[in-house]
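Below: the structure, in C-alpha cells.
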Amino acid sequence: MSTANGKRPFAILAALALGVLAGSTSAQSAGASTNYLEKWQAIGPNVRMMSHQDGSRTQFRRSPDERTLTKRTRGPNGVVKMVAVYRMDKNGNPRGCQIFDGRNNLLFKVSYGYHRVHGQLVAEDMFDARVKRIDPSTGKETPVRRMYYTYDAQGNQSKPIVIVPVKGRTAEAVFGGRSTFPHDNPFKTQSVNPRAKPVGE
18 MSTANGKRPF
28 AILAALALGV
38 LAGSTSAQSA
48 GASTNYLEKW
58 QAIGPNVRMM
68 SHQDGSRTQF
78 RRSPDERTLT
88 KRTRGPNGVV
98 KMVAVYRMDK
108 NGNPRGCQIF
118 DGRNNLLFKV
128 SYGYHRVHGQ
138 LVAEDMFDAR
148 VKRIDPSTGK
158 ETPVRRMYYT
168 YDAQGNQSKP
178 IVIVPVKGRT
188 AEAVFGGRST
198 FPHDNPFKTQ
208 SVNPRAKPVG
218 E
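This is the structure in C-alpha cells:
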C-alpha cells in the first residue's frame with residue numbers, strides 16, 4: 018500500500034481519534050500538579066462523568082439493558098471531540114464499537130475477539146468506515162489495524178502486537194499504538210469472563 022501524501026489525512030484522523038479515546042483518562046504530565054484527583058461521579062444509575070485537570074470531560078452512558086455503552090469526550094470548551102459507541106455482550110464485554118468525530122461522522126468500526134477458554138481479550142480489529150478495503154484473495158473486508166494480545170501464566174496481559182497494512186510505516190506512527198478497548202469503563206466491576214482463569218490451567 019502506498020505511503021503517498023493521500024494517506025496522511027487518514028493517519029492524522031486516526032491518531033486524533035485514538036488519542037482522544039485513550040488520552041482523556043491518562044495520567045497527568047510530570048509538570049502537572051499531583052494534588053488534582055480525577056474520579057468518576059455518578060449522575061444517575063447509568064451515567065458516569067469525570068472532569069480532568071485541563072478542563073476536558075469524559076462521560077460514559079449505558080443503556081438500561083446494559084447492552085450499549087457510549088463514551089463521549091469533550092474539550093475544555095465543552096465541545097464534543099469524539100464519541101465511541103460499544104455493543105456489549107451479556108457479560109459486559111464489548112463485541113463491537115463505532116467511533117464518531119465531534120460532528121457525528123462515522124470514522125471507524127472495531128470488533129473485539131475473546132479467547133474461548135479463559136475469556137480474555139485476544140484481538141482487536143479496526144476498519145475504516147469511510148473506505149471499505151476488500152482483500153481480493155478472500156473477498157473479505159480488511160482491517161486498517163489489528164491488535165493481538167497474549168497472557169502470562171498469572172493472566173497478565175502482554176503489550177499488544179500491532180499490525181498496520183501500510184508499507185513503510187509502523188503502527189505507532191499511524192495510530193500511536195493505542196487501544197480502543199474501554200479499559201476505563203467505570204461500570205465494569207467484574208472480570209472479563211466470570212469463568213476466566215490463568216493461561217495454562
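Numbering follows our numbering, with no gaps: position 116 of the sequence shown is 133.
Built from N, CA and C at the ideal position, the CB exists for glycine as well.
Taking the beta strand (DSSP E) that ARG195 belongs to, which residues open and close that run? ARG195 -> no beta strand (DSSP E), and no H or E assigned at all.
Cut-off 7 angstroms between Cβ atoms - residues of its own chain near GLU158, not counting five sequence neighbours on either side: Answer for GLU158: PHE144, LYS149, ARG150, ILE151, listed in chain order.
LYS107 burial status per 10 Å Cβ neighbour count (16 or more: buried): Residue burial is scored here from C-beta neighbours: LYS107 has fewer than 16 other C-beta atoms within 10 angstroms and is therefore classed as exposed.
I need the DSSP call for PRO182, collapsed to helix, strand or coil. Here PRO182 sits in coil by DSSP.
Run through the DSSP bridge pairs and tell me what GLU55 is partnered with. The partner list for GLU55 (beta bridge, DSSP) is empty, contrary to what the question assumes.
Taking LEU54 as the reference, give the member of SER80, GLY61, ASP71 with the closest Cα. When only C-alpha atoms are compared, the closest one is ASP71.
Based on DSSP bridge pairs, tell me the residues matched to PHE117. DSSP links PHE117 through a beta bridge to VAL100, LEU123.
Does the beta-carbon of SER154 have 16 or more other beta-carbons within 10 angstroms, so that it is buried, or is it exposed? A residue is called buried once 16 or more other Cβ atoms fall within 10 Å of its Cβ, and SER154, having fewer, is exposed.
May I ask which residues mark the beginning and end of the beta strand (DSSP E) holding ALA140? Segment 138-145, the beta strand (DSSP E) holding ALA140.
So what does DSSP say about TYR168, is it helix, strand or coil? Of the three classes helix, strand and coil, the one that applies to TYR168 here is strand, per DSSP.
By DSSP, does PRO111 sit in helix, in strand, or in coil? Here DSSP, grouped into helix, strand and coil, assigns PRO111 to strand.
Within 10 angstroms of its Cβ, does LYS56 collect 16 or more other Cβ (buried), or is it exposed? With fewer than 16 Cβ atoms within 10 Å of its Cβ, LYS56 is classed as exposed.
Thinking just about the alpha-carbon of each residue, which of HIS69, ARG112, ARG120 is nearest to the one in PRO93? Ranked by Cα distance from PRO93, the options HIS69, ARG112, ARG120 are led by HIS69.
Spatial neighbours of ASP118 in its chain, beta-carbon cut-off 7 angstroms, leaving aside the 5 residues before and after: In the same chain as ASP118, and ignoring 5 residues on each side of it, the C-beta atoms closer than 7 angstroms to its own belong to MET99, LEU124, in chain order.
For VAL134, count neighbouring Cβ atoms within 10 angstroms of its own Cβ and tell me buried if that reaches 16, exposed if not. Label assigned to VAL134: exposed.
Going by other Cβ atoms of all chains shown within 10 Å of its Cβ, with 16 needed for buried, is GLU83 buried or exposed? By the 10 Å Cβ count, GLU83 comes out exposed.
In this structure, how does DSSP classify SER46 when only helix, strand and coil are distinguished? Any reading at SER46 must be qualified, since the residue scores a pLDDT of 41, below 50, and its modelled position is unreliable; no value is offered.
Based on the DSSP output, what are the partners of VAL64 in its beta bridges? DSSP output for VAL64 lists ARG78 as bridge partner(s).
Can you tell me whether LYS176 is buried or exposed? The criterion is at least 16 other CB atoms within 10 Å of its CB, across all chains shown. So LYS176 ends up on the exposed side.
Report back the beta-carbon spacing between ARG91 and ARG74 to the nearest angstrom; my notes put them in contact at under 8 angstroms. Right, the Cβ-Cβ distance comes to about 5 angstroms (below 8 angstroms), so this counts as a contact.
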